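Chains as they are written, first to last, in our numbering: chain A, 844 to 1002; chain B, 3 to 288.
Glycine included, every Cβ here is placed at the ideal spot set by N, Cα and C.
Just so it is clear, the structure is predicted and the values come from calculations on it, not from any experiment.
Have a look at the structure below, then the notes.
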Amino acid sequence: METLINVGVAKLEISSRPSLLRTILGSCIGICIYDRKKKIGGLAHILLPEKKDASQLEKYADSAIPLLFTKLQKKGCTKENMTAKIAGGASMFKFKSKVSLGKIGENNIKKTKEILEEIGVPLVAEDVGGNQGRVVNFFLEDGRVKIKAGGKEKVYYKI
Amino acid sequence: MNSQIKQRIESVISNLDQLPSIPTVATKIITMVNNPDVSFKIVAEEISKDQVITTNVLKLCNSAYFSCGKEITSIERAIITLGIKEVKDIVIIASTKTVLNKSILGYDLAKGDLWKHGIAVAVLSKKIALLKKRKDIADIAFTGGIIHDVGKTVIALYVQNTFNEILTLVDTEKITFNLAEKEIMGFDHQEVGEKILSKWNFPEVLKAIVMYHHNPDDAPDDFKKIVSVIHVANTLCLMAGIGIGNDGLYHELSSSALQQLNLNDSDIEMLYSDIPDIVDVSIQIA
């Protein structure tokens, strides 16, 4: 039986086959890292690009992604077998105001990619930007990621 | 415009029986609390007449979000300890849950998504009111947050039938989702929500919140500020994915709403960054 694990805003979850990790995204990013040998994966749901307070590492791309990576390593996952898929980073359709939050989706995407590159986990699929919300289903059975956005579904199989 | 859908919605909203109902105690308490001279004993008596609501209200009074530490075992004690406005907000939570806590298929919201979204918007709205030193409107901001999307519960069926038309119009005309709702169905979820509040005999301020939460600039002057509070809270929650449906972020953030509330860049960032805490708090009362 697959177990469904919901990952909330600024939360991080790790599990193994046959669990299913799910999260819902607006401007946030869901980072799914999978170890294809161990069939273990983790999902981090980040809200903002850069860390401002040390107490909530799961909230920011620059602290949550390293945390996710380390936690996976502790479970016996190795970098050579890990790949990442990312989703989210949508923007408000019309952001009339000049406040910096208008660019939060974009900034989240950029920072997430930077950090993944720094750590050295290859990004094999991305479903980012636009104005749609996304429901992300990350199947730890085989690492596939199903994304539902605007009533349509897409599945990313590459691991 | 899909005139068949428009006619069907017209017939639903003109037939009170087809619109959702809530326990009568909710309207009575809102009206009573509006009267500054009301005695708390009378309010307590009125709530206590509804046993189901009373049980749920007491449970909520003792939740971490509302509780002041001491256990509350009667409505009278609740009003004395928490204040009459706080208890009114709690009555609204207890009275509207049945209507709002269900799956909203047309908007692709699973059971509980709309309800939790409303609670999160309520908690954040209250926080914005308090941040702006407007304790006087904090309770209305909270109530308005809970019910702002109530129209979705009724119009969802028609959104489901016309979703592709709505989204195509959004794409081609570059208009927001609720404007496209109105173009295609003749109504948007705000107008339908306002009709529901009329059925419930809710006050004008709450009707304005429901009617204009996506376009606060159009709200009557007297209510612009309070509508702006809910508008900003709703926008931030949607951006964080709280209660985001297939209408996505096809909405807009009004800059005049930010001006109305005198919210600057760092205020907005701070509020957005606090959303995980808002969600943690909301779970205690949802």
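Under the three-state reduction of DSSP, H888(A) is assigned to strand.
If you check the CB distance, R865(A) and L983(A) do not come in under 7 Å. Setting aside the 5 residues that flank it on each side, L847(A) is surrounded in the same chain by L863, R865, each with a C-beta closer than 7 Å to its C-beta; the list follows chain order. Interface criterion not met: the Cβ of K989(A) is under 7 Å from no Cβ in chain B. Relative to the Cα of M187(B), the nearest Cα in the group E167(B), W202(B), K201(B), E196(B) belongs to E167(B).
Residues of chain A whose Cβ lies closer than 7 Å to the Cβ of L255(B) are, in chain order, M935, F938, K939, S940. With contacts defined by Cβ atoms closer than 7 Å, T913(A) and P965(A) do not form a contacting pair. Within chain B, the residues whose beta carbon sits less than 8 Å from that of S870(A) are M241, A242, G243, L251, listed in sequence order.
The three-state reading of DSSP puts M935(A) in coil, since its state is none of H, G, I, E or B. When Y67(B), L238(B), G245(B), H216(B) are compared, the shortest CA-CA separation from L107(B) is found for G245(B). The Cβ atoms of I874(A) and A887(A) sit closer than 7 Å to each other. A check of alpha carbon separations from I883(A) across I958(A), E856(A), S906(A) identifies E856(A) as the nearest. Within the segment 255-279 of chain B, L255, S256, S257, L260, D267, I270, E271, Y274, S275, I277, P278 place their CB atoms closer than 7 Å to a CB of chain A, listed in sequence order. The beta carbon of T26(B) is closer than 7 Å to none in its chain, skipping five residues each way along the sequence.
Annotation: the continuous beta strand (DSSP E) that includes E969(A) extends over 966-971. Taking a Cβ-Cβ cut-off of 7 Å, the neighbours of N974(A) in chain B comprise G250, L251, Y252, given in sequence order.
A Cβ-Cβ separation of about 6 Å places I74(B) in contact with N64(B) under the 8 Å criterion.
Excluding sequence positions up to five before and after A96(B), its CB lies within less than 6 Å of the CB of I55, N58, V59, all in the same chain and listed in chain order. Boundaries around I857(A) are those of the beta strand (DSSP E), 855-859, since no alpha helix (DSSP H) includes it. Taking all protein chains in view, the Cβ of D985(A) is surrounded by fewer than 16 other Cβ atoms within 10 Å, so the residue is classified as exposed. Note that the segment 11-24 of chain B does not touch the segment 893-903 of chain A; fewer than 3 beta-carbon pairs, one per stretch, sit closer than 8 Å.
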